[in-house]
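Asks: If you scroll down you'll find the structure; I have some questions about it.
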């Protein structure tokens, strides 16, 4: 993509085409239906250079989510992207999974193959992350779509990464402790945060700049309706793939049928941040009585940007356009 820039030098207008610089990205993920949808529509994004994908136990066990990730890359002919297998459990506690919503194979209504041809690289997720970060000092962004176990372990083992990571984009917090006009952020727990709150705490206290998408945004402010999901099936092969996954992934606890877009929002916060309105906050997480409970305090100088609203119409339009462009093998 090119932007045409006009400069005025000595009274003369000079046109120059500047190539829009891609963002170097590591995706840390536990696919997972929402992870899979977000990643599929990003594989050929002209704004992203995906240097590495790491897997972490979350929605399902580490072997299943790693298999799912490798299958997606095979399906879209992107096995050039290295995949590193990550943490099999949380840092200090037993790890639950989310089979109740992601189903047995972790991909909702879609059944992946039992085996894949591609293998993860030999480096662990932590060491692979460290290598890529060192190679791209100050010019690397992380999109964290699962529990923060890999990130917590990375910072603990290699604390020098704190000054090398440009930004972390993630979802999973649930604001609590303050109210303003408009929607009330009353639900204070989320799966990613409560699965490994100790890891989240390490990441929060590192001071690395972060953009956080609250869980409620994906469920209530940017969700897909049943009609929207049904319309995906006949767009193309990618639309059918996403429809199949979504058909076994309806959000629990609502009177209507809806699909949450938590991870898609986190990915879009990197790619198209103007879709969201953010406010700077300080954030803390409970690791004791209520593991995963997050507390936000507005602070104009806080290093965490909390998404408060989203342009739902434009986001959905961009999502459907991305489906049309995504080509399978």
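In our numbering, the protein residues as written are 7 to 335. A virtual CB, placed ideally from N, CA and C, is assigned to each residue, including glycine. Note that the coordinates shown come from a computational prediction; the quantities given were computed from them, not determined experimentally.
1. Taking the alpha carbon of residue 74 as the point to measure from, which residue in 30, 124 and 159 has its own alpha carbon closest?
2. Quick check on residue 177: buried or exposed, where buried means 16 or more other Cβ atoms within 10 Å of its Cβ?
3. Does the segment 297 to 314 come close enough to the segment 82 to 91 that 3 or more CB-CB pairs lie under 8 Å?
4. Kindly indicate the opening and closing residues of the beta strand (DSSP E) around residue 95.
5. Give the DSSP bridge partners of residue 216, in chain order.
6. Would you check if there are 3 or more beta carbon pairs closer than 8 Å linking the segment 112 to 121 to the segment 243 to 260?
7. Around the Cβ of residue 146, are there at least 16 other Cβ atoms within 10 angstroms (buried) or fewer (exposed)?
8. Tell me, please, which residues DSSP counts as bridged to residue 150.
9. Taking residue 44 and residue 160 to be in contact with their CB atoms under 8 Å, please state how far apart those CB atoms are, rounded to whole angstroms.
10. Helix, strand or coil: how does DSSP classify residue 325 here?
11. Looking only at its chain, what residues have a beta carbon closer than 8 Å to the beta carbon of residue 31, apart from the 5 residues adjacent to it on each side?
12. Do the segment 199 to 218 and the segment 285 to 298 meet, that is, are 3 or more Cβ pairs less than 8 Å apart?
13. Just checking, does the segment 258 to 273 make contact with the segment 226 to 245 on the three C-beta pairs under 8 Å criterion?
14. For residue 100, does the count of other Cβ atoms within 10 angstroms reach 16, so buried, or fall short, so exposed?
15. Which residue marks the beginning of the alpha helix (DSSP H) containing residue 246, and which one marks its end?
16. Who are the near neighbours of residue 105 in its chain, counting only those whose CB is closer than 7 Å to its CB and skipping five residues on each side?
17. Run through the DSSP bridge pairs and tell me what residue 315 is partnered with.
18. I need the DSSP call for residue 59, collapsed to helix, strand or coil.
19. With three or more C-beta pairs closer than 8 Å as the rule, is the segment 238 to 246 touching the segment 211 to 221?
Replies: On the basis of the supplied data:
1. By 1-based counting over the chain shown, the position of residue 74 is 68. Measuring from the Cα of residue 74, the nearest candidate turns out to be 124.
2. Indexing the chain shown from 1 puts residue 177 at position 171. The residue is buried, with at least 16 neighbouring Cβ atoms inside 10 Å.
3. no
4. Working through the chain shown from its first residue, we reach residue 95 at position 89. It is not in any beta strand (DSSP E) - residue 95 carries neither H nor E in the DSSP assignment.
5. The residue you call residue 216 lines up with position 210 of the chain shown. According to DSSP, residue 216 bridges with 174 and 310.
6. yes
7. The residue you call residue 146 lines up with position 140 of the chain shown. Buried is the call here.
8. By 1-based counting over the chain shown, the position of residue 150 is 144. Residue 150 pairs with 34 and 176.
9. As a position in the chain shown, residue 44 is number 38, starting the count at 1. As a position in the chain shown, residue 160 is number 154, starting the count at 1. Rounded, the Cβ-Cβ distance is 21 Å, inconsistent with contact.
10. Position 319 of the chain shown holds residue 325. Residue 325: helix per DSSP, three-state reduction.
11. For the purposes of this step, residue 31 is taken as residue 25 along the chain shown, with counting starting at 1. Only 54, 55, 56, 57, 146, 147, 148, 149 and 276 meet the Cβ criterion.
12. yes
13. yes
14. Translated into positions along the chain shown, residue 100 becomes position 94. Classification for residue 100: exposed.
15. Here residue 246 is taken as the residue at index 240 of the chain shown, counted from 1. 243 to 252 is the span of the alpha helix (DSSP H), which, as asked, contains residue 246.
16. For the purposes of this step, residue 105 is identified with residue 99 of the chain shown, where counting begins at 1. Cβ within range, chain order: 66.
17. Within the chain shown, the letter at position 309 stands for residue 315. In the DSSP output, where bridge partners are listed per residue, residue 315 has 283.
18. Taking the chain shown and counting its residues from 1, one reaches residue 59 at position 53. If DSSP states are grouped into helix, strand and coil, residue 59 belongs with the strands.
19. no
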